[in-house]
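A.B. asks: Got a structure for you, questions after.
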Amino acid sequence: MRPEMTAITPGTAPRSSPRGNAARARMLRSLLPALSLALVLIAIAWLNPRAISYFGFNLMLNLAIPIALATIAQMFVIAGNELDLSIGTFVGFVGCVTATWLRDAPLIGVLVLLGSIGVYALLGALIHLRNLPSIVVTLGMSFVWQGLAILVLPKPGGKAPDWLLSIMSFKPPYIPFPILAALLIAVVVHFGLMRTSYGVILRGSGGNAAALRRAGWSLLRAKIALFALTGLFGVLSGMALIGITTSADANIGNGYTLLSIAGVILGGGEFVGGRVSPIGAVLGALTLALAASPLLTFMHIPPDWQVAANGAILIIVLAARVLISRRER
Amino acid sequence: MASVRTLLEKPWIWSFVGALVVWLATIAFTGGYGAGGMVTAALSLAVFTVIVGVGQMFVITLGPGNVDLSLPANIGLASAVAMKVMGGSDSMIVVGLLAALACGAAIGAINYFLIWALRIPPIIATLSASFIIQSVDISFGRGLQIKPPPGFADFTNWQFLGIPVLAMLTVVFTIGAALALQRMIYGRSVLAIGQNIRAAWLAGVDVGRIRFLTYTLCGALGGIDGALLAGYFRGANVDIGNEYLLASIAVVVIGGTSVAGGKANVPGVWGAGLFLVLLLTMLNTFGVSAGVRLVLTGLIIVGVITAAGGEKAVR
Numbered sequence: 001m002r003p004e005m006t007a008i009t010p011g012t013a014p015r016s017s018p019r020g021n022a023a024r025a026r027m028l029r030s031l032l033p034a035l036s037l038a039l040v041l042i043a044i045a046w047l048n049p050r051a052i053s054y055f056g057f058n059l060m061l062n063l064a065i066p067i068a069l070a071t072i073a074q075m076f077v078i079a080g081n082e083l084d085l086s087i088g089t090f091v092g093f094v095g096c097v098t099a100t101w102l103r104d105a106p107l108i109g110v111l112v113l114l115g116s117i118g119v120y121a122l123l124g125a126l127i128h129l130r131n132l133p134s135i136v137v138t139l140g141m142s143f144v145w146q147g148l149a150i151l152v153l154p155k156p157g158g159k160a161p162d163w164l165l166s167i168m169s170f171k172p173p174y175i176p177f178p179i180l181a182a183l184l185i186a187v188v189v190h191f192g193l194m195r196t197s198y199g200v201i202l203r204g205s206g207g208n209a210a211a212l213r214r215a216g217w218s219l220l221r222a223k224i225a226l227f228a229l230t231g232l233f234g235v236l237s238g239m240a241l242i243g244i245t246t247s248a249d250a251n252i253g254n255g256y257t258l259l260s261i262a263g264v265i266l267g268g269g270e271f272v273g274g275r276v277s278p279i280g281a282v283l284g285a286l287t288l289a290l291a292a293s294p295l296l297t298f299m300h301i302p303p304d305w306q307v308a309a310n311g312a313i314l315i316i317v318l319a320a321r322v323l324i325s326r327r328e329r
Numbered sequence: 330m331a332s333v334r335t336l337l338e339k340p341w342i343w344s345f346v347g348a349l350v351v352w353l354a355t356i357a358f359t360g361g362y363g364a365g366g367m368v369t370a371a372l373s374l375a376v377f378t379v380i381v382g383v384g385q386m387f388v389i390t391l392g393p394g395n396v397d398l399s400l401p402a403n404i405g406l407a408s409a410v411a412m413k414v415m416g417g418s419d420s421m422i423v424v425g426l427l428a429a430l431a432c433g434a435a436i437g438a439i440n441y442f443l444i445w446a447l448r449i450p451p452i453i454a455t456l457s458a459s460f461i462i463q464s465v466d467i468s469f470g471r472g473l474q475i476k477p478p479p480g481f482a483d484f485t486n487w488q489f490l491g492i493p494v495l496a497m498l499t500v501v502f503t504i505g506a507a508l509a510l511q512r513m514i515y516g517r518s519v520l521a522i523g524q525n526i527r528a529a530w531l532a533g534v535d536v537g538r539i540r541f542l543t544y545t546l547c548g549a550l551g552g553i554d555g556a557l558l559a560g561y562f563r564g565a566n567v568d569i570g571n572e573y574l575l576a577s578i579a580v581v582v583i584g585g586t587s588v589a590g591g592k593a594n595v596p597g598v599w600g601a602g603l604f605l606v607l608l609l610t611m612l613n614t615f616g617v618s619a620g621v622r623l624v625l626t627g628l629i630i631v632g633v634i635t636a637a638g639g640e641k642a643v644r
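Which chain is which? The protein sequence lines are A and B, in order.
Going by the numbering used here, the residue at position 177 of the first sequence is 177; the numbering climbs one at a time, nothing skipped.
Numbering-wise, the numbering used here comes out as the position in the second sequence, counting from 1, plus 329.
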């Protein structure tokens, strides 16, 4: 048995299989996130046809926007071979600020949120300069954000600013708002990260850092940019969440850390090598949002087993991916 | 002087220095009151972090990306299994402990099976597994006899000359773990895999078997930890292991083990475990609010890891 390489090796050996076959497998692989979403949708349609409607989607995908934004946030750090274990508590912190200061003292609220993005940028710099493991740094930060959230909002409450509420309750004709928003997020981030030249640099910092450095690019700046983008999308996620729930709670985002990692992986992302896909990540987030409760409720799975079903879905998708990558070799 | 210098060069010394500083700061605040009791309490609580910390240390030493995120769920389920098997009767204590051990080891083996069969990063494998374990625990633990037998509850609280017996046993266990790491083929293989998995494989190390053993060992330690926690806190519950996800990783890193793998440090796990528990005691003694306590804990973890620094990149 060949041991799989978990270490980051610059320049992996080219695969020796026929090109056409590999390309087909790669396409199949990039279609996998869409296929798993379609599968979940078909299951829902079969179990409860009435759910597939304008109103049904609005209801089922209620929380899909903040989940998608948090997943995109996580995707940026993963693109740089790092991991953010604090995104959940950060979303909670942003939620608390949104429901209090952003409503009562908008200027302070905006400054605090911008400052928190600055903290993320600083973390990126710190992790790069001191060569620290991001898992541990963000683990520590998850305590910090949680503590700050409790200080800002000791008891559940607060209220979202009115403009935010009206944005989140927007009802466009024909297409449910969550789907429209998800599409917008996916297209914007896809264009920024996959189609611009600096996007290539950002992904390259995870794919082959040594080559990038020798080509004269600043890895420090790339890492700062990736972390700042994570902060930015974390802020957007927290604000979107509060726009939907209308009030906040210090623990409101805690589940988002694991959900966002799972979303990126479901969407075809990998932990090393800068291989991520914004469109896939959004599809992964939608799959998780749908699979999390609507599907399981329709299947009459008791609440006890809903978490397990999430784990099972992850495992099934990953198993499918292995079958496809086997063919890629 | 020379011996002091060699002592200062040990990577684990700083976690003990940190624990000492925090302890001194606390007794300076209380005016010396409760200094001994604090050490006793810290020792009994640190035990639980140290046991899972050692398991997590072996896993992390396997190399980048290796981490067991299923420990909290594992601890929760094993605590319920142990209490169910013991059923409140003293005669079943040993059987209950063995059941918890077996339950944890099975979870570890399943973790490795997912990593091996699906070839997915351990983080995501142990994460998916933990979702499933959590559900099993919720549904299994419902309406269960969760109280430990009186003999077992007493055992976890025994003290000898002010030192918890459980802490002494854990010291013996950690010495064993240190020997296994440095003097046994198993431990040397773990280190070799962490340093360079390909070189280890070429050198004839059975990489698959060693990784399987390591995940199983980590799971088994989580299982026994769950049983002990249920005894100490007088009952099992689903959330009993929640704080040990962060704590198990934090003690490994603060204790001087390299997150990049290939370099492990057993004494540091003890130092870091005591440091974390004493830190919490200190902040509680100072009477800070929950929010401030969390912020300070986080900042101190970030500060310690920044001060300790990462290794210079090899390439």
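Each residue gets a CB set at the ideal place from its N, CA and C atoms; glycine is no exception.
(1) Under 8 Å, do Leu107 of chain A and Val97 of chain A count as touching if we go by C-beta distance?
(2) Quick check on this structure: which residue in A:Ala240, A:Leu236, A:Leu193 and A:Ile301 has the alpha carbon closest to the alpha carbon of Ala330 of chain A?
(3) In whole angstroms, give me the CA-to-CA distance for Trp487 of chain B and Leu236 of chain A.
(4) Whole angstroms are fine: how far does the CA of Leu28 of chain A sit from the CA of Ile324 of chain A?
(5) Please classify Thr6 of chain A: does DSSP put it in a helix, a strand, or coil?
(6) For Ala434 of chain B, which option in B:Thr626, B:Lys592, B:Gly384 and B:Gln511 has the closest C-alpha, if you only look at C-alpha atoms?
(7) In whole angstroms, what separates the C-alpha of Asn131 of chain A from that of Ser408 of chain B?
(8) According to the neighbour-count rule (16 or more other Cβ atoms, all chains shown, within 10 Å of its Cβ), is Asn21 of chain A buried or exposed?
(9) Hey, would you say Gly109 of chain A sits closer than 8 Å to Leu102 of chain A, going by beta carbons?
(10) Helix, strand or coil, according to DSSP, for Pro493 of chain B in the structure here?
(11) Cβ closer than 9 Å: which chain A residues qualify as neighbours of Pro450 of chain B?
(12) According to DSSP, is Gly207 of chain A helix, strand or coil?
(13) Using 8 Å as the cut-off, can you tell me whether the region 388-399 of chain B makes contact with the region 574-588 of chain B, which would need three or more C-beta pairs spanning the two stretches below that distance?
(14) Would you please verify whether the beta carbon of Arg26 of chain A is less than 8 Å from any beta carbon of chain B?
(15) Kindly confirm or deny that the region 194-203 of chain A and the region 50-59 of chain A touch, where touching means at least three C-beta pairs closer than 8 Å.
(16) In three-state terms, what does DSSP make of Gly480 of chain B?
(17) Mind the definition here: the region 276-286 of chain A touches the region 69-82 of chain A only if three or more C-beta pairs lie below 8 Å; say whether that holds.
(18) Relative to chain B, which residues along the region 197-210 of chain A have a C-beta separation below 8 Å, given in chain order?
(19) With the cut-off set at 8 Å, would you say Phe227 of chain A and Leu111 of chain A are in Cβ contact?
(20) State yes or no: is the beta carbon of Ala312 of chain A nearer than 8 Å to at least one beta carbon in chain B?
(21) For Pro14 of chain A, would you say it is in contact with chain B, using Cβ-to-Cβ distances shorter than 8 Å as the test?
(22) In three-state terms, what does DSSP make of Ala160 of chain A?
(23) Quick check on Pro33 of chain A - is its C-beta less than 8 Å from some C-beta in chain B?
(24) What ranges does the alpha helix (DSSP H) occupy inside the region 113-178 of chain A, keeping only unbroken runs of at least 4 residues that lie completely in it?
(25) For a cutoff of 8 Å on Cβ pairs, would you count Pro66 of chain A as touching chain B?
(26) Is the Cβ of Ala619 of chain B closer than 8 Å to any Cβ of chain A?
(27) Among all the DSSP beta bridges, which residues are the ones paired with Ala248 of chain A?
(28) Determine the contact status of Gly140 of chain A and Gly555 of chain B, defining contact as a CB-CB distance below 8 Å.
(29) Along the region 380-397 of chain B, what residues have a CB closer than 9 Å to any CB found in chain A?
(30) If we require 4 or more residues per run, which alpha helix (DSSP H) segments fall completely within the region 24-111 of chain A?
(31) At which residues does the alpha helix (DSSP H) containing Tyr544 of chain B begin and terminate?
C.D. replies: Looking at the atomic coordinates:
(1) Stepping through the first sequence from its first residue, residue 107 of chain A is reached at position 107. Stepping through the first sequence from its first residue, residue 97 of chain A is reached at position 97. No, the pair does not count as a contact, with Cβ atoms beyond the cut-off.
(2) In this structure chain A extends from 1 to 329, so residue 330 of chain A is not present and cannot be described.
(3) Within the second sequence, residue 487 of chain B is the residue found at index 158, counting from 1. Within the first sequence, residue 236 of chain A is the residue found at index 236, counting from 1. Answer to the nearest angstrom: the Cα atoms are 52 Å apart.
(4) To locate residue 324 of chain A, count along the first sequence from 1; it is residue 324. To locate residue 28 of chain A, count along the first sequence from 1; it is residue 28. Taking the straight line from one Cα to the other gives about 7 Å.
(5) What you label residue 6 of chain A is simply residue 6 of the first sequence in a count that begins at 1. At Thr6 of chain A the pLDDT is 44, less than 50, meaning the model places this residue with poor confidence and gives no usable figure here.
(6) The residue you call residue 434 of chain B lines up with position 105 of the second sequence. If you compare the alpha carbons of B:Thr626, B:Lys592, B:Gly384 and B:Gln511 with that of Ala434 of chain B, the shortest gap goes to B:Gly384.
(7) Locating residue 131 of chain A in the first sequence gives position 131, counting from the first residue. Locating residue 408 of chain B in the second sequence gives position 79, counting from the first residue. The alpha-carbon atoms of Asn131 of chain A and Ser408 of chain B are separated by roughly 38 Å.
(8) In the first sequence, the residue the question calls residue 21 of chain A occupies position 21. Exposed.
(9) If you number the first sequence from 1, residue 109 of chain A lands on position 109. If you number the first sequence from 1, residue 102 of chain A lands on position 102. Yes; because the gap between Cβ atoms is below 8 Å, this pair is in contact.
(10) Here residue 493 of chain B refers to the residue found at position 164 when the second sequence is read from its first residue. Strand, per DSSP.
(11) Here residue 450 of chain B corresponds to residue number 121 of the second sequence, with the count starting at 1. Per Cβ cutoff of 9 Å: Thr6, Ile265, Glu270, Phe271 and Val272.
(12) For the purposes of this step, residue 207 of chain A is identified with residue 207 of the first sequence, where counting begins at 1. Helix.
(13) The region 388-399 of chain B, when compared against the region 574-588 of chain B, does touch it at the 8 Å Cβ threshold.
(14) Within the first sequence, the letter at position 26 stands for residue 26 of chain A. With its beta carbon at least 8 Å from every one in chain B, Arg26 of chain A lies outside the interface.
(15) Short answer: they don't touch.
(16) Counting from 1 along the second sequence, the entry for residue 480 of chain B is found at position 151. Residue state for Gly480 of chain B is assigned as helix, using DSSP reduced to three classes.
(17) By the Cβ test, the region 276-286 of chain A is in contact with the region 69-82 of chain A, since at least three Cβ pairs between them sit closer than 8 Å.
(18) Contacts with chain B (Cβ-Cβ distance below 8 Å) from the region 197-210 of chain A involve Ala210, listed in chain order.
(19) As a working note, residue 227 of chain A is residue 227 in the first sequence. As a working note, residue 111 of chain A is residue 111 in the first sequence. Against a cut-off of 8 Å, the Cβ pair of Leu111 of chain A and Phe227 of chain A comes out as no contact.
(20) Within the first sequence, numbered from 1, the residue matching residue 312 of chain A stands at position 312. Under the Cβ distance rule, Ala312 of chain A counts among the residues neighbouring chain B, one pair being separated by less than 8 Å.
(21) Start at 1 with the first residue of the first sequence, and residue 14 of chain A comes out as number 14. Since pLDDT at Pro14 of chain A reaches only 47, below the 50 mark, its modelled position is unreliable, and no value is offered.
(22) Here residue 160 of chain A corresponds to residue number 160 of the first sequence, with the count starting at 1. Note: Ala160 of chain A maps to coil in three-state DSSP.
(23) For this step, residue 33 of chain A is matched to residue 33 along the first sequence. Chain B places no beta carbon closer than 8 Å to that of Pro33 of chain A, leaving this residue out of the contacts.
(24) Under the rule that a run must span 4 or more residues, the alpha helix (DSSP H) segments found entirely inside the region 113-178 of chain A read 134-152 and 162-168.
(25) Residue mapping note: residue 66 of chain A aligns to position 66 of the first sequence, counting from 1. The C-beta of Pro66 of chain A comes no closer than 8 Å to any C-beta of chain B.
(26) By one-based count along the second sequence, residue 619 of chain B stands at place 290. Chain A, which has a Cβ nearer than 8 Å to the Cβ of Ala619 of chain B, makes this yes.
(27) As a first step, residue 248 of chain A is located in the first sequence; it is residue number 248 there, counting from the start. Ala248 of chain A has A:Gly157 as its beta-bridge partners, per DSSP.
(28) By one-based count along the first sequence, residue 140 of chain A stands at place 140. By one-based count along the second sequence, residue 555 of chain B stands at place 226. No Cβ-Cβ contact shorter than 8 Å links Gly140 of chain A with Gly555 of chain B.
(29) Along the region 380-397 of chain B, going in chain order, the ones with a CB nearer than 9 Å to a CB of chain A are Leu391, Gly392, Pro393, Gly394, Asn395 and Val396.
(30) Listed in chain order, the complete alpha helix (DSSP H) runs (minimum 4 residues) inside the region 24-111 of chain A are 54-60, 64-79, 87-99 and 101-104.
(31) Residue 544 of chain B sits at position 215 when you count from the first residue of the second sequence. Val536 to Tyr561 is the span of the alpha helix (DSSP H), which, as asked, contains Tyr544 of chain B.
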